[in-house]
Amino acid sequence: MDWVSSQYMWIITKGNVTAWRDAVLNWARAEGVTPGFSLNLLDGGVKDDAGAWDCPNTGGKGTMSRYCRMTADQVRSWGRAIGPYGCVMLSWRYDDAFMSKSANRSAFSDVASLLNTKPRRSCKRP
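Here the sequence shown stands for residues 97 to 222, where the numbers follow the numbering used here.
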């Protein structure tokens, strides 16, 4: 296996996940590696740079100052945008409270359902 994992966080592109995905795919092609994708569930949502670190309208406070958790809609949308293009789809850092939320479980299920309809991609060097 010869692949590189690339992790998405909102702060990288202010939510333009498709531009980020395409840049990763172009880089991987140029380097001759297969990309795997990952979502930073706990610190990859919209960053809270205003006022108190309370992460309004997000999935809650992240693990680092000013970073916020992804919402279920972000997990679903961003996971569906990047998952089919890599050889693997990962999430960063397991958190029981995040994983146990019904909306998040539904988002994971939606992403997994889409990925199960796509052809499997090898993680071997192209």
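From the three backbone atoms N, C-alpha and C, an ideal C-beta is built for every residue, glycine too.
Given the structure is predicted, the values throughout are model-derived calculations rather than measurements.
Counterpart residues of residue i in DSSP-defined beta bridges
i	result
Gln103	Ser134
Cys151	For Cys151, which the question treats as bridged, DSSP gives no partner whatsoever.
Lys110	According to DSSP, Lys110 bridges with nothing at all.
Lys143	Lys143 pairs with nothing; no bridge assigned.
Secondary structure of residue i, DSSP reduced to three states
i	result
Met195	helix
Ser187	strand
Ala203	helix
For residue j and residue i, the rounded distance between their alpha carbons
i	j	result
Met97	Gly132	Bear in mind that the predicted position of Met97 carries a pLDDT of just 49, short of 50, making it unreliable; the figure below should be weighed with that in mind. Going from the Cα of Met97 to the Cα of Gly132 covers about 11 Å.
Cys164	Ile178	20 Å
Trp149	Gly140	15 Å
Ile108	Glu127	21 Å
Ser161	Val142	12 Å
Ser205	Met185	13 Å
Trp106	Cys151	13 Å
Whole-number beta carbon distance between residue j and residue i, since they are thought to touch under 8 Å
i	j	result
Val207	Gly175	4 Å
Ala168	Ala199	4 Å
Test item: CB-CB of residue i and residue j under 7 Å
i	j	result
Phe194	Leu137	yes
Ala124	Val171	no
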